[in-house]
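Protein chains in written order, with our numbering: chain A, 1 to 242; chain B, 1 to 453.
Below is the structure:
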């Protein structure tokens, strides 16, 4: 569900597509990335997955008029139908991957801190209007529906993650059954997004915010929004926690 | 930075503006200087100075708080007025206790002036030392050297006043292969910046990086582990919330008994496990007052394996007929240890090499990353190993291995600990500090592999 998947997008799509991380500038704390400049043009997700960076959307936490280098806010494609296209960039670093201009992602968290590359709002585009939550569930023989935010943890190159929610329903034979507990799932980011086989249409699309995104040394925080529709993934390793 | 007298004058001025029967003021000033480096070069150097006054007023158990960064009279008056407006809107707090009277706060910390004043000229030579070590081996260094200096004063309308000044520093570095095929880390916090040993840290991180190259994939599962001090602290310090007296008595911690009661006084851990808070240890700065503004004292939480104390804040202690715990920390009963990062797990004289030599088959872990709670009652956590994991066979390090995700609680970890080594002050990647030894623990769950280097 969107209120859960938004933070999965944050951790496994938005963070690894930060250019400063990919170039080693965050190696001592936030980490590097499994995505490198050589990944541009390569498939890292299924064809159902198109992600955009957006600093213009009304009522989103990461929206600005201009970034901290004076670059006008814009919208840009990060992943197009599963193919990695663009890093998040600043003026200082965009040229390092051959870009002629920045995507406007420079930001400090206060007047007293140093601007550096921070993520914009990152959205997973909705699927076709005839894909519904019910049709996604109907295509599942044995699965779990996850809503809300639980525990989130991911490695420093954004490969291995474990995410939990705060409400879970068993799915059997294409039907949503009763609630279950102690659920988390582990995965490897590129495998996870390539296992996506459907996302619901625009009427299901929802946006949620997070205010505690930490990066940099000394740590700075960032507030951004992520949006998506209910989305289905196949063959995911679901585990029982304490 | 404020002197004691300057801070007291500001606090008294704010208290004088308040029309409410209770008014508590906190005056803080902080200075932070740092030099950051990556890809074998300095990327950022900064000096930041901040000041802040926060005011909390209470009338008829209704409380409001407001903070100001501008310290002119008009701004301070406006902050008090805002706090009083907010209090008028707030519902009464049924757990509100009357403000504390004057307290005698102990001196916890001898400020090191050199640390408090350090700027880039003191830091850059450390950065150069580390980068030179990395360059000689065609490696790539990143890191941070930082010092902080903080002055805090608290005061209230009853005449309570406390003043505390502390300085701290840290140096960390991650050294990676230029092609990203290996990584090593080392770090050191110190209340005395002159003690930061950049040559040693650069050498340790570079050696780890060289040794971890060509990490092999071995099966996930439960392993005996040797946790270096930072790795041990990364997990052990998360036991804190389990010692909340209120949460335990309400059945919400690992020390709660089914059906009621607590495990206070029970031997849950091995004989050699002693966990304490000591705000007077000169190795790590700590506040002289608790979150409830009571004077801080040293306290033992686990004494030779026995649960020795729970943390009671003033409200819950009053309600249950107990004494508030000097290290009781937080307000509202949730606090755990509180007390400002003075936690320490006792060690021994055993060096890390001897701990490794005693392991037939296990893993040596440098430190952990992105640790998050999975279950607040059992304290199960998940996170990942980082910057050096090595297979130990017959007492010797034989093979670098890929990173793992872990799924373990500090409670189970301490129960399964078989040996502890020498304790040192450490700082985890996500900022947690304590004095911790390396330790050996059995049956440590590592359920999946991470490809991250």
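Note that beta-carbon positions come from the ideal geometry of N, C-alpha and C, so glycine has one too.
- Annotated three-state conformation of residue 98 of chain A is coil, per DSSP.
- In this structure, DSSP gives residue 116 of chain B a helical state, which the three-state scheme calls helix.
- Residue environment for residue 258 of chain B: exposed (fewer than 16 other C-beta atoms within 10 angstroms of its C-beta).
- Against chain A, the CB of residue 214 of chain B has no partner CB under 7 angstroms away; the residue lies outside that interface.
- Close to residue 37 of chain A, with beta-carbon spacing below 8 angstroms, lies no residue of chain B; the smallest spacing is near 12 angstroms.
- Of B:414, B:21 and B:18, the smallest CA-CA separation from residue 438 of chain B is found for B:414.
- DSSP, read as helix, strand or coil, puts residue 7 of chain B in helix.
- Burial is judged here by how many other beta carbons sit within 10 angstroms of a residue's own beta carbon; residue 30 of chain A has at least 16 and is buried.
- The Cβ atoms of residue 104 of chain A and residue 73 of chain A sit closer than 7 angstroms to each other.
- In the structure shown, residue 353 of chain B falls within a helical segment according to DSSP collapsed to helix, strand and coil.
- Neighbours of residue 164 of chain A in chain B, taken as residues whose beta carbon is under 8 angstroms from its own, are 374 in chain order.
- Residue environment analysis places residue 111 of chain A among the exposed positions, since fewer than 16 neighbouring C-beta atoms fall within 10 angstroms of its C-beta.
- Between the region 219-229 of chain A and the region 119-130 of chain A, the count of C-beta pairs closer than 8 angstroms reaches three or more; the two stretches touch.
- Taking the beta carbon of residue 152 of chain A as reference, the chain B residues within 8 angstroms of it are 372, listed in sequence order.
- No Cβ-Cβ contact shorter than 7 angstroms links residue 425 of chain B with residue 276 of chain B.
- At least 7 angstroms separates the CB of residue 289 of chain B from every CB of chain A.
- Following the DSSP letters along the chain, one finds residue 48 of chain A in no alpha helix (DSSP H), marked with neither H nor E.
- Distance from the CA of residue 376 of chain B to the CA of residue 446 of chain B, rounded to the nearest whole angstrom, comes to 20 angstroms.
- In its chain, beyond the 5 residues on either side, 22 have a beta carbon closer than 6 angstroms to the beta carbon of residue 58 of chain B.
- By the Cβ-count criterion, residue 235 of chain A is exposed, with fewer than 16 other Cβ atoms from all chains shown falling within 10 Å of its own Cβ.
- When secondary structure is reduced to three states using DSSP, residue 18 of chain A falls in the strand class.
- Spanning the alpha carbons of residue 173 of chain A and residue 183 of chain A requires a straight line of approximately 19 angstroms.
- A check of alpha carbon separations from residue 18 of chain A across A:216, A:237 and A:238 identifies A:216 as the nearest.
- The Cβ-Cβ distance between residue 158 of chain A and residue 16 of chain A falls below 7 angstroms.
- Residue 88 of chain B sits in a helix when the DSSP states are folded into three classes.
- Under the three-state reduction of DSSP, residue 218 of chain A is assigned to coil, being neither helix nor strand.
- In its own chain, leaving out the 5 sequence neighbours on each side, no residue places its CB closer than 7 angstroms to the CB of residue 179 of chain B.
- The beta-carbon distance between residue 102 of chain B and residue 158 of chain B, rounded to whole angstroms, is 7 angstroms. This is short enough to meet the 8 angstroms contact definition.
- Non-local beta-carbon contacts of residue 223 of chain B in its own chain, meaning distances under 7 angstroms to residues more than five positions away in sequence, involve 362, 363, 444 and 446 in chain order.
- Just measuring C-alpha positions, the residue of B:285, B:281 and B:85 sitting nearest residue 170 of chain B is B:285.
- Among the residues facing chain A, residue 39 of chain B is included, as its CB has a counterpart in that chain under 7 angstroms away.
- In the DSSP assignment, residue 394 of chain B falls outside any beta strand (DSSP E) and carries neither an H nor an E.
- Taking C-beta separations shorter than 7 angstroms and ignoring five residues to either side along the sequence, the partners of residue 254 of chain B in its chain run 242, 377, 378, 379 and 411, following chain order.
- In the DSSP annotation of this structure, the continuous segment of the alpha helix (DSSP H) that includes residue 232 of chain B starts and ends at 229-236.
- Here the alpha carbons of residue 168 of chain A and residue 179 of chain A stand approximately 6 angstroms from one another.
- Residue environment for residue 431 of chain B: exposed (fewer than 16 other C-beta atoms within 10 angstroms of its C-beta).
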